Each structure stands twice: as structure tokens, then as C-alpha cells.
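Here the structure comes first, spelled out in C-alpha cells, and everything after it is commentary.
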Amino acid sequence: MGGYVLRRLISVFLVVFVVASGTFVLMHTIPGGPFKKEKALPPAIQRNIEERYKLNDPLWKQYADYLKNLLRGDLGPSFKYLGRSVNDIIRDGFPVSAALGAWAILFALVVGVPAGIISALNQNKWQDNAVMAIAIIGVSVPNFVIATLLMYVFAVKLRWLPVAMWGTPRHVILPMIALAGFPAAFFARLMRSSTLDVLSQDYIRTARAKGLSWYAVVVKHVVKNAILPVVTYLGPLVAGILTGSFVVENIFAIPGLGRYYVTSIYNRDYTTIMGVTIFYSAFLVLVNFLVDITYGWIDPRIKLVKAKE
Amino acid sequence: MEYTADMFKPVEKDIEGAEAIVRPSVTYWQDAWRRLKQNRLAMIGLWVIVIITLIAVFGPVLSPYSYSDQSLFDQNMYVSKEHWLGTDDLGRDLLTRIMYGARISLTVGFLASLINLTVGVVYGGVSGYYGGHIDNIMMRIVEILSGIPLLLYVILLMVVLKPGLQNILIALGLVYWLGMARIVRGQILSLKEQDYVLAARTIGADNSRIIYKHLIPNAMGPIIVTATLNIPQAIFTEAFLSFIGLGVNAPMASWGVLANDALPSFRSYPWQLFFPAIAISITMLAFNFLGDGLRDALDPKQRK
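Below is the structure:
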């Protein structure tokens with residue numbers, strides 16, 4: 208267990224290191240550079256800017272400084288917003304994104320998991336067919352389409368909910384559903400197949416044979432075992448919510464990190480793009496790491512040490 | 025009625041006849057095709073894909089408008105006889121643009137899938153076949169790269185490469201083979217222990233012959249399923265990139281661009297968004313139906 212955790216931690220650092228180095232290389236292969244405007248700046252100003260952002264140091268020194276700052280958690284200044292650092296942007300945006308993401312994950316679980324169980328318990332009946340039909344549509348319709356459709360129906364036409372912006376609980380509902388659409392559908396499919404698997408196990412028959420009620424069997428035996436694959440999917444789920452937030456936050460004008468990220472792409476704000484990407488990768492590998500550890504803890508049959516294949 | 029022994033006579037024993045194979049034997053692929061044909065959703069998906077492909081190829085040619093023709097008199101028109109799906113804010117015919125978008129989406133889907141297929145299969149094949157240190161290193165690389173969502177790499181690459189159809193293909197091709205490599209490796213790992221591989225090696229087949237003639241053909245089922253399910257993913261990625269402004273250039277009309285263009289005037293002209301949205305959704309649905317059907321047909325063990 209200890210060895211496994213250590214190895215995983217090393218790989219967490221490796222991923223972040225690779226992404227950081229990759230972004231550094233990419234940042235320096237972009238022709239032109241962030242301060243080469245169409246209108247040439249006076250040489251003195253140009254020099255001062257390069258001095259300020261240390262662009263005239265040799266490349267290896269820039270790289271070393273960059274990694275050193277990264278270790279201290281400093282992602283550098285934004286090239287677009289004077290006086291704001293990438294850290295400031297993350298500090299502003301991430302809590303909003305995290306709140307929205309947490310709601311979306313909760314919603315996906317609350318809707319997807321029971322839907323999958325109902326589907327499996329009524330295999331090939333209309334409930335099953337209905338859930339699976341909705342689920343395949345859910346995994347096929349892009350999130351920006353779901354987002355705009357929800358906005359049109361519930362905000363523009365019916366006027367039940369605010370069209371956009373952020374602040375009150377009513378603002379959360381539509382973007383939450385838009386973000387949760389794909390994972391909820393995916394959970395329903397996953398939960399259905401794993402529930403069907405568990406239902407055919409011998410221990411379910413045993414539980415029935417010893418006189419447990421069907422309800423008790425489902426709650427205590429079936430669901431408890433069938434939910435395991437859902438836990439493994441939590442890592443990719445967080446990743447999906449995160450990339451989904453790029454468009455959903457943009458459509459609903461939510462001041463989250465995903466929106467800043469896309470705006471920085473529009474603005475060609477390279478340091479912000481790179482910094483936020485590094486932040487995202489570090490966040491995701493950490494989440495995956497935690498999910499794997501939790502998984503070994505929830506399901507004692509999994510021997511983490513042997514996870515190497 | 026009474027049965028007596030003389031009413032019966034022994035049947036002539038026909039040893040060869042009993043052994044004869046009455047019907048022609050069914051190959052794996054014929055069998056899979058037969059199973060696929062029985063899957064109604066998969067066949068619907070297949071037909072929809074065929075129709076979309078035909079529309080993408082011939083539609084823009086048959087249309088009286090070009091995808092970039094602007095007409096200031098016909099701005100933001102609703103569905104009409106002249107413009108079946110209306111026009112956009114520059115008076116361009118929406119149907120023509122959507123049909124043109126189908127070309128881009130399908131091109132991205134098929135080509136990206138083809139690149140994944142070649143790179144992923146070779147990478148996974150080599151890694152799984154040679155095993156040991158090579159496998160360890162190659163899979164460690166895959167593991168590190170897939171630590172974060174592939175979309176983030178594609179976004180980074182697109183920021184550097186500048187938008188454009190060709191660059192989308194490059195970015196997708198550089199990144200999306202990882203999943204395929206893993207699947208092929210897993211297949212090869214289990215297949216290479218089979219007896220026929222040993223037999224091939226005894227008669228002197230070299231490594232590349234064993235990989236390309238024995239192992240990969242036998243792993244073809246999962247490979248095809250993965251490639252098919254990669255297509256909607258590639259189409260989605262392109263639409264997503266175009267939607268956040270990293271996709272194809274204006275005036276080219278990808279579905280993601282159309283959806284993004286329609287967003288600002290969405291409240292007044294919602295159909296400008298609905299039509300491309302419907303087009304993306306139907307296409308992805310069709311590929312997902314086909315992919316699911318192919319999985320059931322090619323890998324009957326997995327069927328639930």
C-alpha cells in the first residue's frame with residue numbers, strides 16, 4: 208500500500224512536470240510572442256517589458272525560473288490583464304467553477320444511479336427502454352447544445368429561471384443540468400450493466416433463499432456491489448465536468464475558471480492559458496489519485512499493490 | 025393400431041453423409057454482419073450515416089447557393105421556399121452551410137479515426153508484443169499523457185497551431201490514439217500466448233509477420249469498435265473547438281462554428297442554432313448506435 212501510494216505520487220508529479228514542460232515549449236514556439244504587436248513599440252518600452260517578464264534571459268534560465276516558480280505555486284503574470292497574476296484569476300474563478308461542478312456531480316449521481324438501477328430491475332420492460340433511450344440521447348447530444356436548449360426552453364420561453372449570470376441558487380439549476388447531462392446518462396448506462404451483473408450472482412440467490420425481502424436484497428446487496436464501477440468513473444467524471452465548464456460557463460456567462468480559460472484563448476493570453484492548463488492537470492491527477500486510493504479502501508478485494516497489471 | 029417389427033427397417037448408415045457440412049461455413053465477419061443486421065438501432069445508425077455522407081458529398085453541389093454567398097437583403101430569414109432552413113446574419117443560406125458543415129464534421133471524424141487507427145494500432149501492437157522494458161516504457165508514456173483529459177492537449181495544440189481544418193486533424197491525430205493503443209495492447213497481450221502464434225514462430229515467421237498477419241487481424245473486432253466510437257468523439261471535439269473559437273476559420277462552416285455564430289442572436293433567431301445542433305446530435309447519435317451495435321456484433325461475449 209505504502210509503495211503504491213508513493214509510486215502514484217511520483218506519477219502525479221511526473222504528469223504535472225510533463226504538462227508544465229510541454230506548455231513551456233509550446234509557449235516559446237508560438238511565433239511572434241505576446242508583446243509583438245502589429246504596431247511596433249518604441250525600443251525602450253520593448254526592452255523594459257522584456258526586462259519585466261525576463262524574456263531576455265537565456266532559454267534554459269527562463270525554464271528553470273519557470274519550474275522554480277511553479278514549485279512555489281506561482282504561475283506567473285497574465286500577459287493580458289496588467290497587474291493580475293494567473294493565480295489571481297484562478298483564485299477568482301475556481302471557487303465558482305468548483306461549486307457549479309459539485310452541484311453537477313451531485314445531480315448526475317442522484318439522477319443517473321437510480322435511473323440505472325430502475326432500468327436493470329425492469330430489464331427489457333418499458334421503464335428500461337425509456338431510461339436507455341434517454342441515456343443514449345444524453346451521451347450523444349453535445350453539452351453546448353443541451354445548455355442552449357435548456358436556456359431557450361426554461362429561461363427564454365417559459366421564463367421560469369434566469370437566462371444567465373450567477374449568484375442565487377436559481378442561477379445554478381440550468382448550468383448544473385447542462386453539465387450533468389452527459390455524466391448522468393453515462394452513470395445510468397454504467398449502473399444498469401453493473402446491476403445486471405450483480406443480479407446474476409449466486410449470493411443474490413442465496414440472500415433471497417434465506418428469506419430476505421426483495422427490497423432488502425436490492426438495497427443491501429445489489430446496490431452496494433453494483434455502485435463500485437461508478438466510483439471508478441468519478442475521476443473521468445471530474446475531468447468531463449471541467450472541460451464541459453468551458454462552454455457551459457461561457458453560455459451562461461458564469462464568472463468561473465472555465466470562462467476565464469476560454470476568454471484567455473480568445474485573447475491569446477498565453478501565460479494564462481498555460482498556467483490554467485497546468486492548474487487543471489495538477490487538480491485532475493490529484494483527484495484521480497484520491498479516487499484510486501478511495502477505491503481500494505471501499506472495495507478491499509482490490510489490491511492496490513497489484514494494480515500494475 | 026398394432027406395431028410390428030416388420031413395419032420398420034433399419035436406415036442405411038451413411039457415414040459420409042452424416043459428416044457432410046450442409047451449409048457453407050460462416051466466417052467471423054459474416055456472423056458479425058448477420059448479428060449487426062438484426063440490431064435495428066445499429067442499422068438505423070448505419071443508414072443515417074450513409075444518408076448524411078451522401079448529403080455531405082452531393083448537397084453543397086446541388087444547392088443553388090454557396091456556403092459563403094452573402095446577401096444583405098436576406099439577413100436572418102426564417103424558413104422559406106428559397107431558403108429551406110433560413111439564412112444567417114450575413115444572409116448566407118443555412119441549409120447549404122449545414123451541408124457543408126457535414127463535410128467538415130465527417131472529414132474530421134473519419135480522418136481523425138484513421139490516424140488513431142494507424143498510430144494507436146502500431147503503438148499498442150508493438151508495446152503488447154514485445155512486452156518487458158519496451159512495454160513498460162511505452163505504457164508509462166501513455167499513462168502520463170492520459171493523466172489529463174485529451175481535450176486539454178488539443179486546446180493547447182490549437183492555440184499554438186492556429187485554427188484551421190488541417191490543424192484540427194493534426195492535433196486530434198497527435199493525441200487521440202492513446203485509448204486505441206491501450207486496447208490493442210491488451211488484446212495483443214492475451215493473443216500472443218495463443219498456440220497458433222507459437223506455431224507460426226516455429227515455422228520461422230518473423231515478428232512483423234506475426235504482428236500484422238496473426239495478432240492484429242484477430243484483434244480486429246475491438247479495434248473496429250473503438251475506431252467507430254472514436255468518430256463521434258472526434259466530431260464532438262471539432263464542434264467543441266469551433267464553438268470556443270479554436271476550430272475552422274470563417275467563412276468555412278463547421279457545425280460548431282454555426283452554433284457559435286448563432287449564439288449572440290439566439291433569442292431572436294433560435295432556429296439558426298437549432299438546425300446545426302440537430303445536425304450534430306443526429307450524427308453523433310447515429311455513430312453511437314452503430315458503435316454499440318458493432319460491439320454487440322463483434323464481441324458477443326460482452327453482450328448484456
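If you're matching them up, the sequences are chains A and B in order.
Numbered per this note's numbering, the first sequence spans residues 208 to 516.
Numbered per this note's numbering, the second sequence spans residues 25 to 328.
From the three backbone atoms N, C-alpha and C, an ideal C-beta is built for every residue, glycine too.
Predicted model only: the values in this text are computed from it and were never measured.
Open item on the list: Which of the three DSSP states is assigned to residue 299/A in this structure?
Closed with: helix
- [ ] Say whether chain B places a C-beta atom closer than 8 Å to the C-beta of residue 478/A.
- [x] no
Open item on the list: Please classify residue 190/B as buried or exposed, where buried requires at least 16 neighbouring CB atoms within 10 angstroms.
Closed with: exposed
- [ ] With residue 250/B as the anchor, note down where its alpha helix (DSSP H) starts and where it stops.
- [x] 244 to 267
TODO: Below 8 Å on the Cβ atoms is my guess for residue 349/A versus residue 304/B; work out the distance and round it to an integer in Å.
DONE: 6 Å
Task: residue 183/B classed as buried or exposed, judged by whether at least 16 other C-beta atoms fall within 10 angstroms - done: buried
TODO: Give a yes or no on whether 8 Å exceeds the smallest Cβ distance from residue 40/B to chain A.
DONE: no
Task: Beta-carbon neighbours of residue 151/B, restricted to chain A and to distances below 9 Å - done: Chain A residues near residue 151/B: none, gap ~12 Å exceeds 9 Å.
Open item on the list: For a cutoff of 8 Å on Cβ pairs, would you count residue 240/B as touching chain A?
Closed with: no
Task: alpha helix (DSSP H) segments (min. 4 residues) lying fully within the segment 42 to 83 of chain B - done: 52 to 62
Task: Contact list for the segment 334 to 351 of chain A against chain B, Cβ threshold 9 Å - done: 343, 344, 346, 347, 348, 349, 350, 351
TODO: Could you list the residues in the segment 121 to 146 of chain B with a C-beta less than 8 Å from some C-beta on chain A, going in chain order?
DONE: none
- [ ] Tell me whether residue 514/A sits in a helix, a strand or coil according to DSSP, three-state version.
- [x] Because the pLDDT of residue 514/A is 44, which lies under 50, any placement of that residue in the model is unreliable, and the number read from its coordinates should be weighed accordingly. Helix at residue 514/A.
TODO: Could you list the residues in the segment 182 to 195 of chain B with a C-beta less than 7 Å from some C-beta on chain A, going in chain order?
DONE: 183, 184
Open item on the list: Can you look up residue 327/B in the DSSP assignment and give me helix, strand or coil?
Closed with: Because the pLDDT at residue 327/B is just 47, under 50, the model does not fix this residue reliably, and the value given afterwards should be weighed accordingly. In the structure shown, residue 327/B sits in coil (DSSP, three-state: anything other than H, G, I, E or B).
TODO: Using a Cβ-Cβ cut-off of 8 Å, state whether residue 291/B counts as contacting chain A.
DONE: yes
TODO: Compare the C-alpha of residue 79/B against each of 129/B, 32/B, 27/B and name the closest.
DONE: 129/B
Open item on the list: Please state whether the Cβ-Cβ distance between residue 280/A and residue 396/A is less than 8 Å.
Closed with: no
Task: Cut-off 7 Å between Cβ atoms - residues of its own chain near residue 463/A, not counting five sequence neighbours on either side - done: 300, 303, 304, 307, 452, 456
Task: Distance between beta carbons of residue 133/B and residue 222/A, contact taken as under 8 Å - done: The pair is not a contact, with the Cβ atoms about 29 Å apart (cut-off 8 Å).
Open item on the list: Rounded to the nearest angstrom, what separates residue 282/B and residue 407/A at their Cα positions?
Closed with: 48 Å
Task: Bridge partner(s) assigned by DSSP for residue 264/A - done: Bridge partners of residue 264/A: none, in fact.
Task: Contacting residues, own chain, Cβ-Cβ under 7 Å from residue 377/A (five flanking each side not counted) - done: 368, 369
TODO: Taking residue 377/A as part of the alpha helix (DSSP H), name the residues at either end of that continuous run.
DONE: 376 to 406
Open item on the list: I need the boundaries of the alpha helix (DSSP H) containing residue 414/A, first residue and last residue.
Closed with: 409 to 416
Task: Three-state secondary structure (DSSP) of residue 294/B - done: coil
Task: Residue environment, residue 30/B, which counts as buried when at least 16 other CB atoms sit within 10 Å - done: exposed
TODO: Closer than 9 Å, Cβ to Cβ, to anything on chain B: give me those residues from the segment 433 to 452 of chain A, in chain order.
DONE: 443, 446, 447, 449, 450
Open item on the list: Counting only Cβ-Cβ distances shorter than 8 Å, please list the residues of the segment 483 to 501 of chain A near chain B, keeping chain order.
Closed with: 484, 487, 488, 491, 492, 495
- [ ] Tell me where the alpha helix (DSSP H) around residue 124/B begins and ends.
- [x] 118 to 154
Open item on the list: Quick check: is the beta carbon of residue 218/A nearer than 8 Å to any beta carbon in chain B?
Closed with: yes
Task: Nearest to residue 197/B (by Cα), restricted to the options 136/B, 221/B, 76/B, 74/B - done: 136/B
Open item on the list: Just to check my reading of the structure: residue 173/B and residue 271/B have Cβ atoms closer than 8 Å, yes? What is that Cβ distance to the nearest angstrom?
Closed with: No, residue 173/B and residue 271/B are not in contact; Cβ-Cβ is about 18 Å, not under 8 Å.
Task: Neighbouring residues, chain B, relative to residue 472/A (Cβ below 8 Å) - done: 179, 183, 268, 269, 270
- [ ] Pick out whichever of 273/A, 380/A, 364/A has its Cα sitting closest to the Cα of residue 314/A.
- [x] 380/A
Task: Span separating the alpha-carbon of residue 394/A from that of residue 316/A - done: 7 Å
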